[in-house]
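Same order as they appear, the protein sequences are chains A and B. With the first letter of the first sequence counted as 1, position 30 gets the number 30 in the UniProt record's numbering; the numbers rise by one all the way through. With the first letter of the second sequence counted as 1, position 157 gets the number 157 in the UniProt record's numbering; the numbers rise by one all the way through. Take a look at the structure set out below.
Number of protein chains: 2
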Amino acid sequence: MRSSDLPEVRSLELFESMSDSNFEALMQAAYLQTFPAQLELITEGDPADFLYVVIEGCVELFARTNGRESTMGMVRPVGTFILAAVLKDAVYLMSARTCQRSKLLMVPSENIRDIFQRDEAFARAIVVELANCYRTVVKEHKDLKLRTAVERLANRLLRYHTDQGGTGMLELPQDKRTLASLLGMTPENLSRAFNTLKPYGVVVRGNKISLDDLEALSTLAKPNPLIDGRDT
Amino acid sequence: MRSSDLPEVRSLELFESMSDSNFEALMQAAYLQTFPAQLELITEGDPADFLYVVIEGCVELFARTNGRESTMGMVRPVGTFILAAVLKDAVYLMSARTCQRSKLLMVPSENIRDIFQRDEAFARAIVVELANCYRTVVKEHKDLKLRTAVERLANRLLRYHTDQGGTGMLELPQDKRTLASLLGMTPENLSRAFNTLKPYGVVVRGNKISLDDLEALSTLAKPNPLIDGRDT
DNA sequence: CTCTGGAATTGATCTAAATCAACGGCTTGG
DNA sequence: CCAAGCCGTTGATTTAGATCAATTCCAGAG
Numbered sequence: 001m002r003s004s005d006l007p008e009v010r011s012l013e014l015f016e017s018m019s020d021s022n023f024e025a026l027m028q029a030a031y032l033q034t035f036p037a038q039l040e041l042i043t044e045g046d047p048a049d050f051l052y053v054v055i056e057g058c059v060e061l062f063a064r065t066n067g068r069e070s071t072m073g074m075v076r077p078v079g080t081f082i083l084a085a086v087l088k089d090a091v092y093l094m095s096a097r098t099c100q101r102s103k104l105l106m107v108p109s110e111n112i113r114d115i116f117q118r119d120e121a122f123a124r125a126i127v128v129e130l131a132n133c134y135r136t137v138v139k140e141h142k143d144l145k146l147r148t149a150v151e152r153l154a155n156r157l158l159r160y161h162t163d164q165g166g167t168g169m170l171e172l173p174q175d176k177r178t179l180a181s182l183l184g185m186t187p188e189n190l191s192r193a194f195n196t197l198k199p200y201g202v203v204v205r206g207n208k209i210s211l212d213d214l215e216a217l218s219t220l221a222k223p224n225p226l227i228d229g230r231d232t
Numbered sequence: 001m002r003s004s005d006l007p008e009v010r011s012l013e014l015f016e017s018m019s020d021s022n023f024e025a026l027m028q029a030a031y032l033q034t035f036p037a038q039l040e041l042i043t044e045g046d047p048a049d050f051l052y053v054v055i056e057g058c059v060e061l062f063a064r065t066n067g068r069e070s071t072m073g074m075v076r077p078v079g080t081f082i083l084a085a086v087l088k089d090a091v092y093l094m095s096a097r098t099c100q101r102s103k104l105l106m107v108p109s110e111n112i113r114d115i116f117q118r119d120e121a122f123a124r125a126i127v128v129e130l131a132n133c134y135r136t137v138v139k140e141h142k143d144l145k146l147r148t149a150v151e152r153l154a155n156r157l158l159r160y161h162t163d164q165g166g167t168g169m170l171e172l173p174q175d176k177r178t179l180a181s182l183l184g185m186t187p188e189n190l191s192r193a194f195n196t197l198k199p200y201g202v203v204v205r206g207n208k209i210s211l212d213d214l215e216a217l218s219t220l221a222k223p224n225p226l227i228d229g230r231d232t
C-alpha cells in the first residue's frame with residue numbers, strides 16, 4: 001500500500017497531523033481490499049487485529065446476544081471503526097458487515113499501537129477521535145433512553161434532512177429494516193411510525209422522503225443539540 | 001491544593017504516568033471542595049470548566065430532555081467524570097449531582113488541556129481512559145437495546161454480586177428509584193422485576209439482596225462478557 | 001418480459017412496560 | 001413521641017411496541 005494512493009486517508013483528522021514517515025510506515029503495513037456485500041468482516045469477541053478504514057461502500061456495526069441482534073451504527077467513507085479495541089488490544093465489542101461491495105483499508109493493530117507510542121501528534125489525534133466516538137455513543141444512549149420511537153424517527157429525519165442540504169427532500173441512507181434496528185424498533189413499528197408522522201408533513205416514497213411541514217415536525221420532534229448535534 | 005494531600009489521585013491510571021512537576025502544577029490549580037447531598041454540580045449544555053474527580057461520596061450523572069430525565073451513570077471514589085468534554089473544550093452532554101455529601105477535586109479544563117499538550121505520558125493515559133469510557137457506554141447501549149428489563153436487572157445483580165465478593169449476598173449501591181432509572185425502567189417496574197426474579201432465588205430485604213440460586217439466575221440472565229464484563 | 005424472493009406494509013393480536021392510584025412503612029424533623 | 005413526607009410496593013388500567021400472519025410491492029435473475 002502506497003500512501004500516495006490514498007490522499008483521502010491522509011486527510012482524515014486521525015492521520016493528518018502525524019509525520020510523513022510514520023504515515024508511510026502505517027500504509028506500508030496496511031492492506032487495501034475490496035469485499036462483497038453482506039460479508040461479516042469482524043465478529044464481536046474476536047481479538048482486534050486491524051483498524052478498518054472505509055474507503056468506498058458502507059459498513060454496518062451490529063451486536064448480538066442471546067439470539068437477538070441490533071444495528072449499532074453505520075460507517076461510510078471516509079470513516080474508521082473499532083479504534084478503541086485496537087488501542088486497548090482488546091476484543092471487539094461489535095461485529096461488522098459490509099452493506100454493499102466495499103473497499104476497505106486494513107491497518108494491523110500492532111502497527112497502530114506501535115506508532116501511537118512513537119508519534120505524539122498521532123496520539124493526540126487519537127484522543128480527539130476517541131472523544132468524538134464517546135460523545136456520539138452517549139448521545140445515542142440518551143436518544144434511546146429519553147425518547148419514544150416516533151420521536152427518535154422524527155429527529156433522525158430532521159438530521160438527515162439537514163445533512164443533505166435542507167431542501168425539503170431527503171434520502172434514507174440505508175434500507176428501512178436497518179434504520180429500524182438503528183433506531184431500536186422493529187421494521188413494522190418503523191412503518192407505523194412513518195404513518196404517525198404523516199400529519200406532520202412527512203411523505204414517504206420508497207427511500208425518498210419529503211418533509212412538507214418542517215415546523216410541525218420540529219415541534220413534535222423537539223430536537224436537542226445535546227442529542228442530535230453533529231458535533232456539540 | 002498540594003499533591004501530597006491526595007495520593008489516591010496520583011495513583012489513578014489517568015495521572016500516575018505523568019511527570020511529577022506536571023502533576024504538581026495540575027494540583028496547584030485544582031480545588032478540593034466538599035458539597036452537600038443533592039447539589040447539581042454541572043448542567044448539560046454548559047461549557048466544560050472543570051474535570052471532576054470524586055474523592056469521597058458519590059455522584060450521579062443524568063440527562064434531561066423535554067421534561068424527561070434519566071440516570072446515565074454513577075461515579076464513586078476514585079473516579080473522574082466528563083473527561084471528553086474537557087478535552088474537546090465542548091459543552092457537557094450530561095448533568096451531575098451529588099447523591100451524598102461528597103468531596104470532589106475540581107481541575108480547571110484549561111490546565112488539563114495545557115498539560116495534555118505538553119505531557120506525552122498524560123496524553124497516552126488519556127487515550128486509555130477515553131477508550132475505557134467509550135467501551136463502557138457501548139456496553140450499556142447494547143444492554144439496553146438487546147435485553148428486556150428483567151434481564152438487565154438480573155445481570156446487574158450478578159455483577160454487583162461478583163464485585164462485592166460473591167458471597168451470595170449483595171447490597172444495592174444506590175436507592176431503588178435511581179437503580180430503576182439507570183436500568184431504563186420505572187420504579188414500579190423495577191419492583192415487579194424483583195418479584196419476577198423471586199423464583200430464581202432473588203430475595204430482597206431493603207437494599208440487601210441475597211441470591212440463593214445463582215445457577216438459575218444465570219440461566220435466566222445469560223450474562224455476556226461483551227456487555228457485563230468489567231474490562232473486556 | 002415474466003418469474004421469484006426479499007422488503008415493506010397492513011391488520012390482528014399479544015405482551016412488556018408505563019401510568020395512575022392507593023397504601024404501608026420508614027425516616028426525619030418538630 | 002407524633003406528624004409529615006418520601007420511598008417503595010401493589011393493584012388496576014392504559015399504552016407503546018412486539019409478534020404473528022397475510023398481502024403487496026419491487027428489483028434482479030433468467
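Cβ atoms here follow ideal geometry from the backbone N, Cα and C, with glycine treated the same way. This one's a predicted model, so the numbers in the text were calculated from it and none came from an experiment.
What residues from chain A crowd round residue i, counting only those whose CB sits closer than 8 Å?
i	result
residue 124/B	116, 117 and 123
residue 120/B	120 and 123
Can you tell me the Cβ-Cβ gap for residue i and residue j, rounded? I've got them flagged as a contact below 8 Å.
i	j	result
residue 120/A	residue 120/B	5 Å
residue 233/B	residue 138/A	With chain B covering only 1 through 232, there is no way to say anything about residue 233/B.
residue 217/B	residue 204/B	The pair is not a contact, with the Cβ atoms about 13 Å apart (cut-off 8 Å).
residue 98/A	residue 127/A	29 Å between Cβ atoms; not a contact.
residue 6/A	residue 135/B	Actually they are not in contact, since the Cβ atoms of residue 6/A and residue 135/B sit about 28 Å apart, beyond 8 Å.
residue 83/A	residue 133/A	7 Å
residue 8/A	residue 78/A	5 Å
residue 189/B	residue 115/B	Actually they are not in contact, since the Cβ atoms of residue 189/B and residue 115/B sit about 45 Å apart, beyond 8 Å.
Who pairs with residue i in a beta bridge, going by DSSP?
i	result
residue 25/B	Bridge partners of residue 25/B: none, in fact.
residue 82/A	None; residue 82/A has no bridge partner.
residue 64/A	69/A
residue 42/A	96/A
residue 52/B	81/B and 106/B
residue 210/B	169/B and 203/B
residue 160/B	BP columns for residue 160/B are empty, so no partner.
residue 75/B	59/B
residue 91/B	47/B
From residue i to residue j, what distance separates their C-alpha atoms?
i	j	result
residue 68/B	residue 42/B	18 Å
residue 130/B	residue 164/A	31 Å
residue 220/A	residue 56/B	42 Å
residue 231/A	residue 213/B	47 Å
residue 171/A	residue 171/B	50 Å
residue 272/A	residue 227/B	This structure cannot settle anything about residue 272/A, because the visible part of chain A is limited to 1 through 232.
residue 125/A	residue 18/A	8 Å
residue 225/B	residue 45/A	9 Å
residue 195/A	residue 24/A	52 Å
residue 12/A	residue 86/B	23 Å
residue 14/B	residue 35/B	24 Å
residue 122/A	residue 20/B	24 Å
residue 193/A	residue 158/A	15 Å
residue 33/B	residue 162/B	33 Å
residue 10/B	residue 80/A	34 Å
residue 37/B	residue 118/A	45 Å
residue 90/B	residue 173/A	28 Å
residue 197/B	residue 169/A	49 Å
Residues of chain A with CB closer than 7 Å to the CB of residue i, please, in chain order.
i	result
residue 130/B	127, 130, 131 and 134
residue 63/B	142 and 146
residue 224/B	65
residue 45/B	226
residue 59/B	Per Cβ cutoff of 7 Å: no residues; residue 59/B is ~16 Å from chain A at best.
residue 150/B	Neighbours of residue 150/B on chain A: none; closest Cβ ~13 Å, over 7 Å.
residue 139/B	93
Show which residues of chain B have a CB atom less than 9 Å away from the CB atom of residue i.
i	result
residue 184/A	144 and 145
Chain A partners of residue i, CB-CB under 9 Å?
i	result
residue 68/B	145, 146 and 147
residue 193/B	Here the premise fails: no neighbours, minimum Cβ distance about 17 Å.
residue 232/B	45, 90, 91 and 93
residue 198/B	The premise fails here: residue 198/B is roughly 22 Å from chain A at the closest Cβ pair, so nothing lies under 9 Å.
Which residues in chain B sit within 7 Å of residue i, going by Cβ to Cβ distance?
i	result
residue 87/A	127 and 131
residue 233/A	This structure does not reach residue 233/A, given that chain A is present from 1 up to 232, and the question cannot be answered.
I want to verify the contact list: residues of chain B whose CB lies under 8 Å from the CB of residue i, in sequence order.
i	result
residue 176/A	Within 8 Å Cβ-Cβ: nothing; residue 176/A doesn't reach chain B, min ~18 Å.
(request) Flag this pair as touching only if the region 72-82 of chain B and the region 168-188 of chain B have three or more C-beta atom pairs under 8 Å; answer yes or no. (result) Remark: three or more beta-carbon pairs, one from each stretch, lie closer than 8 Å, so the region 72-82 of chain B and the region 168-188 of chain B are flagged as touching.
(request) Report yes or no: do three or more beta-carbon pairs, one from the region 49-64 of chain B and one from the region 205-223 of chain A, lie closer than 8 Å? (result) no
(request) Could you tell me whether the region 180-190 of chain B touches the region 143-155 of chain B, where touching means 3 or more Cβ pairs closer than 8 Å? (result) yes
(message) Measuring CB atoms only, is the region 99-115 of chain B touching the region 133-153 of chain B, in the sense that at least three cross pairs come out at less than 8 Å?
(response) no
(request) Would you check if the region 27-34 of chain A and the region 106-113 of chain A touch, i.e. whether three or more CB-CB distances between them fall below 8 Å? (result) yes
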